[in-house]
Amino acid sequence: MARNFFSSHSAAASDKASSVVVIGLGRFGGSLALELEAQGTEVLGIDANEEIVQSFNGHLTHVVRADSTKEEVLRQLSVHEFDRAVVGIGSDIEASILTTSRILKFQRPQIWAKAISEPHAEILGQLGVEHVIRPEHDMGKRVAHLVLGSILDYVEFEDDFVMIRTTPPAGVRDRPLGVLGLRDKYGITIVAVKRPGGTWGHTTAQTVLYDDDQIIVQGSKSQAEKFSTLP
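Each residue of the sequence shown is one higher than the one before, counting from 1 in full-length UniProt numbering.
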């Protein structure tokens with residue numbers, strides 16, 4: 001396929017991706033591709049299954065049936081010119097690894113790759129993939145925290161850092177945050193608050209919390225989780 005089938009891309013112009021190639025249009029890759037398209041991103045969807053490709057016709061900027069394990073095919077599709085690449089292949093680990101290694105050779109797009117197991121994730125990391133995604137694993141951990149009841153939402157980042165949406169424990173209510181010494185006492189910071197019927201806003205040293213507020217807590221995983229369980 002000719003290079004000019006797709007528009008020219010420049011990753012250096014902005015940190016925000018204007019074009020993304022999604023390889024593997026299963027539940028994860030397909031949902032991701034549709035969401036990116038809905039946000040106005042140029043999306044190239046690639047899958048080896050003709051029926052899947054046909055189901056995305058008219059829904060993505062470009063969608064093609066192709067063998068993504070072949071470097072020459074990826075070059076013909078101008079994959080190296082896209083700002084980001086997502087390898088969402090989950091059922092075929094060999095195809096996932098081969099596809100990822102081919103894209104890494106281009107040394108151009110930032111790569112996100114889906115892993116279906118810890119060994120799969122380790123191999124992708126050893127290849128040099130900086131963004132390894134384990135959707136089922138990560139969602140399971142998140143939902144587990146929600147099921148426990150004291151946490152309303154939970155986001156875990158790298159380096160043992162989390163942000164938690166919860167309600168204020170009794171010990172931090174009815175007094176300005178600036179006098180509580182939360183960082184020294186609990187190792188956490190309350191960065192935002194939402195009043196009933198209101199919207200989220202940043203906290204200040206003068207912010208006073210009440211029992212019907214919601215708050216965003218940030219800190220290490222152990223300290224933030226411990227804080228969220230306080231009565």
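All residues carry an ideal CB built from backbone N, CA and C; glycine is no exception.
Identity of the residue in the options nearest residue i by Cα
i: Gly-187; options: Pro-196, Phe-161 and Thr-199; result: Phe-161
i: Thr-167; options: Leu-127, Phe-157 and Ile-190; result: Ile-190
i: Thr-99; options: Pro-196, Val-129, Asp-83 and Glu-118; result: Val-129
i: Gly-198; options: Asp-212, Gln-206, Leu-124 and Lys-185; result: Asp-212
i: Ile-215; options: Lys-185, Thr-69, Gly-40 and Ser-150; result: Ser-150
i: Phe-56; options: Arg-75, Glu-71 and Leu-32; result: Leu-32
i: Thr-204; options: Pro-176, Arg-195, Gly-40 and Ile-111; result: Pro-176
i: Asp-138; options: Gly-219, Leu-152, Ile-123 and Ser-117; result: Ser-117
i: Gly-58; options: Ser-78, Lys-70, Ser-68 and Leu-34; result: Leu-34
i: Ile-93; options: Ile-123, Ile-111 and Glu-71; result: Ile-123
i: Ser-91; options: Val-79, Glu-225, Asp-184 and Phe-28; result: Phe-28
i: Ala-192; options: Gly-201, Asp-184 and Thr-69; result: Gly-201
i: Glu-156; options: Val-79, Ser-228 and Gly-219; result: Gly-219
i: Val-217; options: Asp-153, Arg-134, Arg-142 and Ser-68; result: Asp-153
i: Pro-231; options: Gly-171, Lys-185, Ala-66 and Lys-221; result: Gly-171
i: Lys-226; options: Pro-169, Val-208, Asp-174 and Tyr-210; result: Pro-169
i: Gly-26; options: Gly-40, Asp-47 and Ser-19; result: Asp-47
i: Glu-71; options: Arg-195, Val-79 and Ser-228; result: Val-79
i: Leu-146; options: Ser-228, Gly-40, Lys-194 and Ser-68; result: Ser-228
i: Asp-159; options: Lys-221, Gly-88 and Ser-68; result: Lys-221
i: Tyr-210; options: Lys-194, Asp-67 and Ala-224; result: Lys-194
i: Val-63; options: Gly-30, Thr-69 and Gly-40; result: Gly-30
Contact check, residue i vs residue j, beta carbons under 8 Å
i: Ala-121; j: Ser-96; result: no
i: residue 243; j: Gln-206; result: Lying before the first or after the last residue shown, residue 243 is absent from the chain, which here runs from 1 to 231.
i: Ala-38; j: Arg-84; result: no
i: Val-132; j: Gly-140; result: no
i: Leu-36; j: Val-21; result: no
i: Leu-74; j: Arg-102; result: yes
i: Val-86; j: Ile-23; result: yes
i: Glu-81; j: Thr-61; result: no
i: Asp-174; j: Val-208; result: yes
i: Arg-142; j: Ala-115; result: no
Identity of the residues DSSP links to residue i by a beta bridge
i: Val-86; result: Val-22 and Trp-112
i: Phe-157; result: Paired residue(s): none; Phe-157 is not in a bridge.
i: Asp-67; result: DSSP output for Asp-67 lists no bridge partner at all.
i: Ile-46; result: Ile-23 and Val-64
i: Gly-30; result: Per DSSP, none; premise fails for Gly-30.
i: Gly-219; result: Val-162 and Ile-188
#### Entry: Those runs of the alpha helix (DSSP H) which lie wholly inside the region 172 to 217 and span at least 4 residues
Here the runs fully enclosed are 182 to 186.
### Three-pair Cβ contact test at 8 Å for the region 51 to 62 versus the region 100 to 107
Too few Cβ pairs lie closer than 8 Å, so no.
### Task
Please go through the region 128 to 154 and give each complete alpha helix (DSSP H) segment of 4 or more residues, from N-terminal end onward.
For the region 128 to 154, whole alpha helix (DSSP H) runs of length 4 or above, ordered along the chain, are 135 to 147.
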